[in-house]
Each structure stands twice: as C-alpha cells, then as structure tokens.
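Enquirer: For the sequence shown, the numbering used here begins at 59 and goes up steadily by one.
Backbone N, C-alpha and C fix where the C-beta goes; we use that ideal spot for every residue, glycine too.
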Amino acid sequence: MTRTLFWVLSLLAFVLFVRLWAGPASYPDIGRLEQKIEQQNAANDEQAEIKRLLQMDVVGLSKDDEAVEEHARSELGMVREGETFYQVILKSDPEATAPVPQVKAAPRVE
C-alpha cells in the first residue's frame, strides 16, 4: 500500500513538474506574456503621448484664431485676398508636394 501511494505521488509530482516547465501557464510562457505586456505598455505610452499632443492642438485651435489661420496656411495653402502666393520648385525636387491654393473671387454685390 505504501509503495503504491509512493508511486502515485511520484507520478503526480512528475506531471506537475512537467506542467511547470512546458505547456500553458509554464515559466517560459509567463516570460513571453510579460514581454508582450511590456511591448503593449510601450505602445500605449506612445499613443497616450500622441493623444496628449492632439488634445493640446485641439484646445489651441479652439481658443486662438491665429492658430487656426496658421494651420490653414501651413497645411491647406490658405492665401488671403490680395496676397500673392509664390511657390519655388527646386530643380532637385521635380514633383512639389506643396498644396496649390485655390483663390475664390469675392461675390459681387450689385
């Protein structure tokens, strides 16, 4: 009886030991999961910083008309009425990526 109990407990200990080092929830698997968590936390931190910068930009645009105008000029090619827009294209840059502004004529009131 004692011998049978010893073998059963030994087999159980062996199975638990194998499960500790192989299979799901093993030490190597936990290490891989911790590494994935660290990578995800780094990606989350990057996204949080981008979100913070965008929120600052939105707040600045909602409070300051000059910031809106600066945005429109730099990103949308805004030109005021009466201004002349000059675009310099260098020989080394045959395809300019700057936006071409669209100047609308003021409606005539008669």
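1. Could you pull out every residue in the same chain whose Cβ sits closer than 6 Å to the Cβ of residue 74, ignoring the five residues on either side in sequence?
2. Spatial neighbours of residue 84 within its chain, please: C-beta separation below 8 Å, excluding the five flanking residues on both sides.
3. Say whether chain D places a C-beta atom closer than 9 Å to the C-beta of residue 94.
4. Is the beta carbon of residue 125 closer than 9 Å to that of residue 134?
Expert: If we stick to the structure as given:
1. Closer than 6 Å at the Cβ level, and outside the excluded window around residue 74, lies no residue.
2. Once the five neighbours on either side are set aside, the close Cβ partners of residue 84 are 77 and 78.
3. No chain D appears in this structure, which consists of one protein chain only.
4. In this structure, residue 134 lies away from residue 125, with their beta-carbon atoms at least 9 Å apart.
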